[in-house]
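These notes are about the structure you will find just below.
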Amino acid sequence: MTQAPKHFINLPEIPDETLKAILKAAHALKKQKYTPPQLLDGLSLAMIFDKRSTRTRLSFEIAMKQLGGHTLVMTKDDMQLGGSESIEDTAKVLSRFVDAVMIRISNHSMVEELASFSSIPIINALTDESHPCQIMADIMTIEEKLGSIAGKKLAWFGDYNNVAKTFVQAAPKFDFELKLAVPEPLLPDNCDLLNQGNISIGSDPIHAAQNADVIITDTWVSMGQEGKTIDMFLPYRVNSELMSNAKSEAIFMHCMPIHRGEEVTDEVLNSPACVIYDEAENRLHAQKAILAYCMQNSGVQVQTTKENLFG
Ligand code: CP
Ligand code: NVA
Numbered sequence: 078m079t080q081a082p083k084h085f086i087n088l089p090e091i092p093d094e095t096l097k098a099i100l101k102a103a104h105a106l107k108k109q110k111y112t113p114p115q116l117l118d119g120l121s122l123a124m125i126f127d128k129r130s131t132r133t134r135l136s137f138e139i140a141m142k143q144l145g146g147h148t149l150v151m152t153k154d155d156m157q158l159g160g161s162e163s164i165e166d167t168a169k170v171l172s173r174f175v176d177a178v179m180i181r182i183s184n185h186s187m188v189e190e191l192a193s194f195s196s197i198p199i200i201n202a203l204t205d206e207s208h209p210c211q212i213m214a215d216i217m218t219i220e221e222k223l224g225s226i227a228g229k230k231l232a233w234f235g236d237y238n239n240v241a242k243t244f245v246q247a248a249p250k251f252d253f254e255l256k257l258a259v260p261e262p263l264l265p266d267n268c269d270l271l272n273q274g275n276i277s278i279g280s281d282p283i284h285a286a287q288n289a290d291v292i293i294t295d296t297w298v299s300m301g302q303e304g305k306t307i308d309m310f311l312p313y314r315v316n317s318e319l320m321s322n323a324k325s326e327a328i329f330m331h332c333m334p335i336h337r338g339e340e341v342t343d344e345v346l347n348s349p350a351c352v353i354y355d356e357a358e359n360r361l362h363a364q365k366a367i368l369a370y371c372m373q374n375s376g377v378q379v380q381t382t383k384e385n386l387f388g
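Residue numbering for the sequence shown follows the numbering used here, beginning at 78 and increasing consecutively.
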C-alpha cells in the first residue's frame, strides 16, 4: 500500500520524537556541509511563492541541489492557480510532476487544502498562521549556542504573528518556557487558554525579558500588513536596556528581514549576543533535514548508499 505523504505544515501534527529526529539530522547535515550526502538524488521540489523571500528561497534551493535534487520556482500568478484552476487539480497535477512542493502563501487553509489532494509532501514555507521551517532552524541555533532547549526561557517581543504562533506550538513539544510580550490591542482572544503550562502571554516587556536565555523579535509589520500603525510597538523595541533584564549570556534572535532601529537597535545587532546570521544559515541545514524527512519516507524511493536519516 502506498504510504501517506509526510507533509510539513503544522508542528502540532508531527510527533515530538519526529521533530527531534529532524533536528538531530539537521545538526548532522551541518557537519557534512562540504560533503553533503546525495539523499535526494534525482528528486524535484516545486517552490511556489505568493510572497517575497530571500532566506527561504535560498535555503530550499541550495538544500535540494546540495542533496542531489532539482528545484523549480514558480509564483502563484505564473501558474493557472493564480487564475481559475482549482487547488485540487493543481495538487493532482503537481503530484505527477515533482516529488514535493514548498509553498509560501498568506492563506493557511489553502496549504492544507493543497495537501489534502496531494500524493506528495507539501511543506509550509510561511503562511499568515505559521512558519514551522523557521522555528526548526531557530531551535537548532539555540541548541548550538546554549545546549538542549528543554527548560530554556525564550522571550518574544512585538506582534503576535505567524512566527510567534509557531513558537507557541513548539514550546510544549520541545519543553521550553515561552513568555510573549505583545501590545495589548494585539493580544489574541484565547489568551486565557494560552496562558498555561510553560507559556505566558501579556503586555509587559520587562516581565517577559526577566532572566531569559533567548530574546526574540520579528518585524512589526508582516508581509501583507503594510500600512499598519507601529506606535504601539515602541515599548517592545529590543534595545540594550531590555537585554539587560535577560541572563548575561542571553542571545538575541530574529528570523529576518530586520528593520534596523525599529524592532531592534543597531547596538543589540552589533553586540556579541546577536546570532542572526547563524540563525539564517541554519535555515539551510534545517531545510535539508525537513526535505529528507518528507521525501525519504513518503513512498519516494531515494537512491542512496547513505543510511536513511530517519531509520
Ligand atoms: N526568515 C525568512 O523566512 O526569510 P525570508 O522571508 O527572506 O524567506
Ligand atoms: N512575520 C514575518 C516573517 C518573515 C519571514 C512576515 O510574515 O512577514
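Here a beta-carbon is modelled for each residue, glycine too, at the ideal position from N, C-alpha and C.
This structure is a prediction, so every number in the text was calculated from the model and none was measured.
- By the neighbour-count criterion, in which a residue is buried when 16 or more other Cβ atoms sit within 10 angstroms of its Cβ, Thr306 is exposed.
- By the Cβ test, the region 172 to 190 is in contact with the region 356 to 372, since at least three Cβ pairs between them sit closer than 8 angstroms.
- Annotation: Lys229 to Ala289 spans about 8 angstroms, alpha carbon to alpha carbon.
- Taking the Cα positions, Leu158 is about 14 angstroms away from Ala123.
- The nearest non-hydrogen atom of ligand 2 is less than 6 angstroms from the C-beta of Val240.
- Closest by C-alpha distance to Ala214, out of Gln373, Ala81, His331, is His331.
- By the Cβ rule, the region 293 to 312 counts as touching the region 334 to 353, because three or more pairs are nearer than 8 angstroms.
- Per DSSP, reduced to three states, the secondary structure at Thr95 is helical.
- Following the DSSP letters along the chain, one finds Lys250 in no beta strand (DSSP E) but inside the alpha helix (DSSP H) bounded by residues 239 to 251.
- In this chain, Asn201 is not harboured by any alpha helix (DSSP H); it is covered by the beta strand (DSSP E) spanning 199 to 201.
- The beta strand (DSSP E) runs of length 3 or more contained entirely in the region 110 to 181 are, from start to end of the chain, 121 to 126, 147 to 152, 177 to 181.
- Beta bridge pairing from DSSP links Trp233 with Leu257, Ile293.
- The bridge partners DSSP lists for His331 are Thr294.
- For the beta strand (DSSP E) assignment, the uninterrupted runs of no fewer than 3 residues enclosed by the region 268 to 326 are, from N- to C-terminal side, 276 to 279, 291 to 294.
- In the DSSP assignment, Asp215 falls within the alpha helix (DSSP H) that extends over 209 to 223.
- Residue state for Val345 is assigned as helix, using DSSP reduced to three classes.
- Contact check for Leu319 against Ala286 passes: the beta carbons are separated by less than 7 angstroms.
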